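Q: Numbering (our numbering), first residue to last: 9 to 303.
Heads up, the beta-carbon is just placed ideally off N, CA and C, and yes, glycines get one too.
It should be emphasised that the depicted structure is a prediction, and the values quoted were computed from it without experimental measurement.
Have a look at this one before I ask anything.
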Ligand code: HEM
């Protein structure tokens, strides 16, 4: 039996299909995309059935924060003012957006404000803080990392954070820097990311503390993971909060729609070997293309 750690909180239908977006494949080559669009602040946080209940993301986060703390929670020592500003804003948002059940919600004063904020919502939270006139990775409550190590990111610039991602800085570093320079509290944004994974578990950290992985899964046994990310600057401390809401569904739910299936396979087939390796898709490209193109 496969061991899961974070638990299983699948959706029947992924709410987004970023692999179908125009610009993912240009002249037959997969391209990383900035893909940011204006965020209506009413939609800052996304609740939903997979977020709630004993196996929902919020309950899983509480368990992971208790049981795997060093892997899922890391902060710079001096990051409390930024986290308090974020936490206070989040509490106000929840009270107004979902008075039921959040009318009396507050940050747990016994916890670091980033952890207190994080325990309220399904999103993972990453804070970029101004240090020495540049934005650095100031802290994160990240219970659902897709094969990366939170500890290794603390204090890094965004280009350094993205360094392990094949071709990302070559294709997007100036655009990402420009975007963050221009990000103001008045105009938040959101974007999407996606991946294919071999376990029905959001907790897939790079430090080996995650779930057992199947030895040789077939394409039909895989899962598709979508990350809805928001980017918002905060006026008092000038920090930037990056939220990551994860959705996971069996790949069959994507393959059931012919257009989406072909777009997924075409995106994967257009990836360079470096990106295929980064996305842990080695061995899956050909079978996915054959499956969707009727070989
Ligand atoms: C507009 C801004 C951003 C863009 C376009 C962007 C883009 C990406 C992309 C394409 C990936 C590869 C993920 C995949 O498809 O498998 C990635 C990975 C990642 N991003 Fe970003 N990102 C942005 C902002 C941020 C921010 C603000 C943070 C938080 C500090 C962040 C943290 C990460 C991390 C930790 C990874 C995984 C890196 C690893 O594998 O070591 N990103 N990003």
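Looking at residue 3: is its Cβ nearer than 8 Å to the Cβ of residue 218?
A: Outside the displayed span of the chain (9 to 303) sits residue 3, for which this structure offers no information.
Q: Could you tell me which whole alpha helix (DSSP H) segments of length 4 or greater appear in the stretch 10-43?
A: Correct list: empty.
Q: In three-state terms, what does DSSP make of residue 305?
A: Residue 305 lies beyond the residue range present for the chain, which begins at 9 and ends at 303; the question has no answer from this structure.
Q: Are at least three pairs of beta-carbons, each pair with one atom in the stretch 149-156 and one in the stretch 269-280, less than 8 Å apart?
A: Verdict: no, contact absent.
Q: Under DSSP, the beta strand (DSSP E) around residue 255 begins and ends at which residues?
A: That run of the beta strand (DSSP E) goes 248-258.
Q: Quick one: is residue 82 buried, meaning 16 or more other Cβ sit within 10 Å of its Cβ, or exposed?
A: It counts as buried.
Q: Please return the same chain residues whose Cβ sits closer than 6 Å to the Cβ of residue 201, not counting the five positions on each side in sequence.
A: Cβ within range, chain order: 235.
Q: What number of angstroms, rounded off, separates the C-alpha of residue 271 from the C-alpha of residue 25?
A: The alpha-carbon atoms of residue 271 and residue 25 are separated by roughly 9 Å.
Q: CA-CA distance, residue 48 and residue 163?
A: Distance between the alpha carbons of residue 48 and residue 163: 30 Å.
Q: Buried or exposed: where does residue 300 fall if 16 or more other Cβ atoms within 10 Å of its Cβ makes it buried?
A: Classification for residue 300: buried.
Q: What are the boundary residues of the beta strand (DSSP E) that includes residue 138?
A: Residue 138 -> beta strand (DSSP E) spans 132-139.
Q: Nearest to residue 176 by CA position, among 290, 279, 16, 59, is which residue?
A: Per the Cα distances, 279.
Q: Check whether the stretch 165-176 and the stretch 104-114 touch, using three or more Cβ-Cβ pairs below 8 Å as the test.
A: The stretch 165-176 is not in contact with the stretch 104-114.
Q: Taking the alpha-carbon positions, what's the residue 16 to residue 207 distance?
A: Cα to Cα, the separation comes out at about 9 Å.
Q: Tell whether a beta-carbon distance below 8 Å holds between residue 151 and residue 230.
A: No.
Q: For residue 45, is the beta carbon positioned less than 7 Å from some heavy atom of ligand 1?
A: No; taking the cut-off as 7 Å, the Cβ of residue 45 has no heavy atom of ligand 1 nearer than that.
Q: Closer than 8 Å is the cut-off here; do at least three beta carbon pairs connect the stretch 239-247 with the stretch 90-99?
A: With the cut-off at 8 Å, the stretch 239-247 and the stretch 90-99 touch.
Q: Across which residues does DSSP place residue 198 in a beta bridge pair?
A: Per DSSP, 45, 238.
Q: Can you check which of these residues, 204, 254, 296, 265, is closest to residue 286 by C-alpha distance?
A: That would be 204, whose Cα lies nearest to the Cα of residue 286.
Q: Does the beta-carbon of residue 40, which I'm using as the reference point, lie nearer than 7 Å to any heavy atom of ligand 1?
A: Yes, the beta carbon of residue 40 sits closer than 7 Å to at least one heavy atom of ligand 1.
Q: Using a Cβ-Cβ cutoff of less than 6 Å, which residues in the same chain neighbour residue 22 once the five nearest sequence positions on both sides are dropped?
A: Here the set comprises 234, 255, 257.
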